[in-house]
Each structure stands twice: as C-alpha cells, then as structure tokens.
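K.L.:
Starting off with a structure, shown below.
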Amino acid sequence: MNFQFESLAELLAMKGHGPFVWSAYSISIIAFAYLIWTPVKSYRDMVNRELKKRSREENAPD
Amino acid sequence: MHPIRKQRLMMVLLIVIFSSIAIGLIMFALRENLNLFYPPSKIVSGEVPHNVKIRGGGCVKPGSVQRSEHNLDVNFVITDGVADVKVFYSGILPDLFAEGEAAVINGKINDKGELEASEVLAKHDENYMPPEVAEGMKQAGGEHQKTCETINYAR
Amino acid sequence: MNWQWFHRLGSPRWFYEKTTGWLPWIALVTFSLMIVGMVWGLAFAPLDAKQGNSYRIIYLHMPVAVLSMAGYYAMAIAGAVGLIWRMKMAFIVMVAAAPVGAVMTFLALVTGSIWGKPTWGTWWIWDARLTSVLVLFFLYMGVIALQQAYQNRDTADKACAILSLVGMVNIPIIYKSVDWWSTLHQPATIKMVGESTIDPSMKYPLLIMIAALYLFFTLAVILYTRVEVLRRESRTQWVSDLLTQAANKRR
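Which chain is which? The protein sequence lines are A, B and C, in order. For the first sequence, position 54 matches number 54 in the working numbering, and the numbering has no gaps at all. For the second sequence, position 147 matches number 147 in the working numbering, and the numbering has no gaps at all. For the third sequence, position 244 matches number 244 in the working numbering, and the numbering has no gaps at all.
Written out as structure tokens, the structure is:
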C-alpha cells in the first residue's frame, strides 16, 4: 500500500478528475454533518424553550 | 401470538403481497419498454422504427473505429455477436469509449439501417483493477469487458 | 424465551437513557472508520486501469447506495412491528429513519451523477437503475410528508407504515434492475454470491466504508430517534426533569 500521488497538488488534481472526486466527497461530508447537526440542534432548541419558560415564570408578577 | 396481533400480521403481509403483485404486473406489461437500448440484432431484424429517436447499444467492434482527419466525425460498428450496426457520429466521445468496450448510442436509424448518432455514451463494466493487474490480464488474453469478450467478432 | 428485553426496547425512556452512554462510542468508531476508509480510498488505493482516479467516487457512492436500500428495509420493518404490536418505539424509529434514508438516497443520486459525467459522458439517464432509485427517494419524501400531513399522530404513523410497506417492493427492483433490463449502469461489483469483481487492493477500503456507513446510519437514526422520543413524551415527568436538568447545566 503506497501513497498514489507524487505531491499534494497531484492529489488535488487527480489527473483531471479532481473536481468530480472532490465535489462528491465534499457534498457527502456536508450531508453527513447535516444529519448529525439537525437532531443536536432540535435538542438545543428544546432546552432553550425550557430556559425561556423558566425565566418567564420567574419574572412573572406574583 | 395474540390472535389480534396475528390478524394484524396477516394485514401487513397482505399489503406487501398485493402491492408486489400490482407492481409486478405493471412491470410485466412494460417489460420491453424498460430496456434502455435496443441491441443490434433487433435493429437489423427491423423491430426498431426508422427515423425516430431511439437508443441502440452494444460492443464497439475492434478495428471498426474510423476517425476523420479534418473534423470530429467518427464511425464505428456496434455488435451483440448476432448482428452489426454501423454508427455515424460527429462530436466528442467520452473518455471511456474504446474498441471492445460497450457503448450506448442515442440517435435515429436511417433508411439504410445505419445509426445516425446524436449522443454516444460509454457503458463501463463492474470490474475494477490497478493498471499492473490489467496489464497482466492483457497478456493472458483478457483485455476487454467480460460482456464484450464473449462475443465472437470474427464472423 | 425471555421477552423482557423486547418490552424494555419498547419503552422510550429506557431507549433514551441506554443510548446516552452508547453515543460517544458509536461516534468514535464510526468516524475513525470513515476517516480511514476515505483516506485509503482517496490517496492509497491504486487507480483503476480504465477509469483512472474518477473511480474513487465508488468509496462513497456504493456505501450510501447500500444504506439507502438497507435503510428502507429498516424503516419498513419498524413500521410493520409498529402496526402489529402497536409499539410506540417502533413508529418512532420508523419516523427517525426516513430523513436519514432520504439523505442517503440523495447522496447516492448525486455522487452517481458526478461519477457518471467523466465515465459515461452524461450526468443523468432514464435507465431502470437510476429511475428506480429516484422513485426510492420520492418514497422517503412521501413518508416524511405524510408524517407532517396528519394532525393525529396515530393516523400519521399508520399511514407512513403502510406507505413504507407498499414501497418495499421497489428495493428488489432496484437491486435486480441492472440484470433484468439493459441499462447504462453496470451490474453489481460486490456480489452476494460469487466472487467480487474488484481487485483486493481496492476492496478493503470499500468494505471499511460500507461498515462505516452502516454505523453512521445507526448513529444518525439513534440521534433522530432520541429527539423524536423527547418530542412525543414531552408531557411526561421524566422528559420534563431531563430538560430542567439540561437547562440548569446551561446557566
């Protein structure tokens, strides 16, 4: 098993196929990040709503 | 299992079975139309309408590719081992287009039974190997895609 | 046979509390495998004799395509379990699997399209394989839309489960489409029976990526399931306590 390219520039260029290969990988990585981030964001929103609800209760006049 | 659950299980199975039968019948009715392209034997036997846009596909016959020296015109023969069809095209061919490889051609059959192509696509196979391994196979006599290799070109 | 585990699995609370501890471990293994697979596939696997470097897209394309189909089975089976046993948790998993499966299918279509341009010479063609995968994408979207369409959650769950089951017939069609009809797409490389048609030096990163994507799918579905559990159980004491605790920590 060897590194298949002479240099980093060649790895990026991939003999002309670089734009295709790298765009496929970047789109996929963005999509994977989206799948992890969305539920984490929903959870945070739930906790934030809880926080807001509490501050409203605390500030409410007796 | 509880009888009511058994009943629900039967419902689930019925949904799966009936939807499969329904889709299966639709596909049976459409069977020929689901093919992407016509093989050369069907084009030669006259099953394919002339002067309308159709797709033909087959293996590019080794030694048949003739390129023009002045422009992008190219002609070649596709075959499925039973019949040959001559293809005329003017344009850039995909990188993977080669003799002994499969191609899918979009175009019209003219009155002479030749395919006047408006688009040529390369159909690659499911084999992946490093160049050294491919070189070794070439020496052993297996150079082209498997589907195109079994064809007897020397007819 | 002891059915206790099955009933426990049916408890949203048990699932939520159990998976809290699992998450970092699954994530660690998933992302390690993914990084190893990607780096190996991109830089260390030899280039293909015919396709050159463009074939490196296979290390993403095939695993996401496998998961788009396996994920659909997971969603449909969860729906069936929900319909038969009226198990809350099964419907929650079904609803959680839909967006993850939809993204996998979307990626299979997009990476396939990007791969198609330099090899076939076109981004898209209406052959049996590509079209049936597009149908799969619409099935996932249908399940997501159906979930939103009903006010009543029970009705929505049942409708989604039935749509998933009806759509299940599409999976064997996708798998066999390249053998049944003439297509531009090539037949399968890794076969269920018989030898694979990929050189061993290129196969290992592919197997690693398939394992990574299976784990990633599991991880994403667990995350979506946990949020859906909190949403559906929001009126219960344990969820209220859990959110209060989290809010306290945040201050």
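Glycine residues also receive a C-beta, built at the ideal position from the N, C-alpha and C atoms.
Mind checking whether Leu115 of chain B and Val87 of chain B have CB atoms under 8 Å apart?
P.N.:
Going by C-beta atoms, Leu115 of chain B is nearer than 8 Å to Val87 of chain B.
K.L.:
Strictly under 8 Å for the Cβ-Cβ distance: is Trp269 of chain C near chain B by that measure?
P.N.:
Lying outside 1 to 251, the shown extent of chain C, residue 269 of chain C is not represented and no answer is given.
K.L.:
Is there at least one Cβ from chain B nearer than 8 Å to Ile208 of chain C's Cβ?
P.N.:
Cβ-Cβ to chain B under 8 Å: no for Ile208 of chain C.
K.L.:
Given that a residue counts as buried once 16 or more other Cβ atoms are within 10 Å of its Cβ, and exposed if not, what is Arg153 of chain C?
P.N.:
It is exposed - the Cβ of Arg153 of chain C has fewer than 16 other Cβ atoms within 10 Å.
K.L.:
Mind checking which residues open and close the alpha helix (DSSP H) that includes Thr119 of chain C?
P.N.:
Segment Lys88 to Thr119, the alpha helix (DSSP H) holding Thr119 of chain C.
K.L.:
Find the nearest neighbour of Lys176 of chain C within the set C:Ala212, C:Asp127 and C:Cys160, judged by alpha-carbon distance.
P.N.:
Selected option, being the one with the closest Cα: C:Asp127.
K.L.:
Measure from the alpha carbon of Leu206 of chain C to the alpha carbon of each residue in C:Trp25, C:Leu9 and C:Tyr55, then state which is nearest.
P.N.:
Cα-wise, what sits closest to Leu206 of chain C is C:Tyr55.
K.L.:
Name, please, each residue of chain B whose Cβ falls closer than 9 Å to the Cβ of Asp179 of chain C.
P.N.:
Near Asp179 of chain C there are no residues of chain B at all, since even the closest Cβ is about 11 Å away, more than 9 Å.
K.L.:
How many angstroms separate the CA atom of Leu163 of chain C from the CA atom of Gln7 of chain B?
P.N.:
Spanning the two alpha carbons is a distance of roughly 19 Å.
K.L.:
Taking the alpha-carbon of Ser45 of chain B as reference, which of B:Glu101, B:Asp80 and B:Tyr89 has the nearest alpha-carbon?
P.N.:
Taking only the C-alpha atoms, the option nearest Ser45 of chain B is B:Asp80.
K.L.:
Quick one: Cα of Tyr16 of chain C to Cα of Ile23 of chain B, how far?
P.N.:
Rounded to the nearest angstrom, the two C-alpha atoms are 39 Å apart.
K.L.:
Quick check: what's the CA-CA separation for Leu9 of chain B versus Ala70 of chain C?
P.N.:
So the alpha carbons of these two residues sit roughly 22 Å apart.
K.L.:
Is the number of C-beta pairs between the stretch 92-108 of chain C and the stretch 132-152 of chain C that are closer than 8 Å three or more?
P.N.:
Because the criterion of three Cβ pairs below 8 Å is met, the stretch 92-108 of chain C and the stretch 132-152 of chain C touch.
K.L.:
Can you give me the Cβ contacts of Trp120 of chain C inside the same chain, cut-off strictly under 7 Å, excluding the 5 residues immediately before and after it?
P.N.:
Here the set comprises Leu184.
K.L.:
Could you have a look at Ile30 of chain A and say whether DSSP puts it in helix, strand or coil?
P.N.:
Helix, per DSSP.
K.L.:
Are there 16 or more other CB atoms within 10 angstroms of the CB of Gly82 of chain C, so buried, or fewer, so exposed?
P.N.:
Classification for Gly82 of chain C: buried.
K.L.:
Using a C-beta to C-beta distance shorter than 7 Å, which residues of chain B count as neighbours of Pro118 of chain C?
P.N.:
Residues of chain B passing the Cβ test: Asp95.
K.L.:
In angstroms, rounded to a whole number, what distance separates the CA positions of Gln147 of chain C and Ala98 of chain C?
P.N.:
Their Cα atoms are separated by approximately 10 Å.
K.L.:
Would you please state the rounded distance, in angstroms, between the beta carbons of Thr111 of chain C and Val64 of chain C? I believe it to be under 8 Å.
P.N.:
Correct: roughly 7 Å between the Cβ atoms.
K.L.:
With a cut-off of 8 Å on the beta carbons, I'd call Pro46 of chain C and Pro130 of chain B a contact; round off their distance for me.
P.N.:
Contact flag correct, Cβ pair sits at about 4 Å.
K.L.:
Measuring straight from C-alpha to C-alpha, what distance separates His2 of chain B and Phe6 of chain C?
P.N.:
Rounded to whole angstroms, His2 of chain B to Phe6 of chain C spans 16 Å at the Cα level.
K.L.:
So, does the CB of Arg56 of chain A fall closer than 8 Å to a CB anywhere in chain C?
P.N.:
Not an interface residue.
K.L.:
With a threshold of 8 Å between beta carbons, is Thr218 of chain C in contact with chain B?
P.N.:
No, because no Cβ of chain B sits closer than 8 Å to the Cβ of Thr218 of chain C.
K.L.:
Per DSSP, what kind of secondary structure is Gly52 of chain C in: helix, strand or coil?
P.N.:
Gly52 of chain C falls in the strand class under three-state DSSP.
K.L.:
Within a Cβ cutoff of 6 Å, which residues of the same chain sit near Arg155 of chain B, ignoring the five residues on either side of it in sequence?
P.N.:
Only weak support is given to the placement of Arg155 of chain B: the predicted model assigns it a pLDDT of 49, under 50, and the question is left unresolved by the model.
K.L.:
How long is the line joining the alpha carbons of Pro12 of chain C and Ile15 of chain B, rounded to whole angstroms?
P.N.:
Pro12 of chain C and Ile15 of chain B: Cα-Cα distance of roughly 28 Å.
K.L.:
What does DSSP give as the partner residue(s) for Asn79 of chain B in the beta ladder?
P.N.:
A small fix is needed here, since residue 79 of chain B is Thr in this sequence, not Asn. Answer by DSSP bridge pairing, in chain order: B:Cys59 and B:Asp84.
K.L.:
Using a Cβ cut-off of 8 Å (strictly closer), state whether Leu146 of chain C contacts chain A.
P.N.:
Answer no: the Cβ-Cβ gap between Leu146 of chain C and chain A never drops below 8 Å.
K.L.:
Between His160 of chain B and Leu96 of chain B, which are expected to be in contact by the criterion C-beta below 8 Å, what is the C-beta distance as a whole number of angstroms?
P.N.:
Shown here, chain B extends from 1 to 155; a query on residue 160 of chain B therefore has no answer.
K.L.:
Is DSSP giving Arg8 of chain C helix, strand or coil here?
P.N.:
Reduced to three states, the DSSP call for Arg8 of chain C is helix.
K.L.:
Taking DSSP as the reference, what is the three-state secondary structure of Ala27 of chain C?
P.N.:
The answer is helix: DSSP assigns Ala27 of chain C an H, G or I state.
K.L.:
Please classify Thr155 of chain C as buried or exposed, where buried requires at least 16 neighbouring CB atoms within 10 angstroms.
P.N.:
Exposed, since its Cβ has fewer than 16 Cβ neighbours within 10 Å.
K.L.:
Of all the residues that make up the stretch 55-74 of chain B, which are near chain C by a beta-carbon distance shorter than 7 Å?
P.N.:
Within the stretch 55-74 of chain B, the qualifying residues are Gly57.
K.L.:
Are the C-beta of Met89 of chain C and some C-beta of chain E separated by less than 8 Å?
P.N.:
Checking the listed chains, one finds no chain E in this structure; the protein chains it contains are A, B and C.
K.L.:
Have a look at Pro172 of chain C and Arg251 of chain C and give me their C-alpha separation to the nearest angstrom.
P.N.:
Those two C-alpha atoms are separated by around 52 Å.
K.L.:
Compare the C-beta of Asn51 of chain B with all C-beta atoms of chain C and state if any pair is closer than 8 Å.
P.N.:
It does not; no Cβ of chain C falls within 8 Å.
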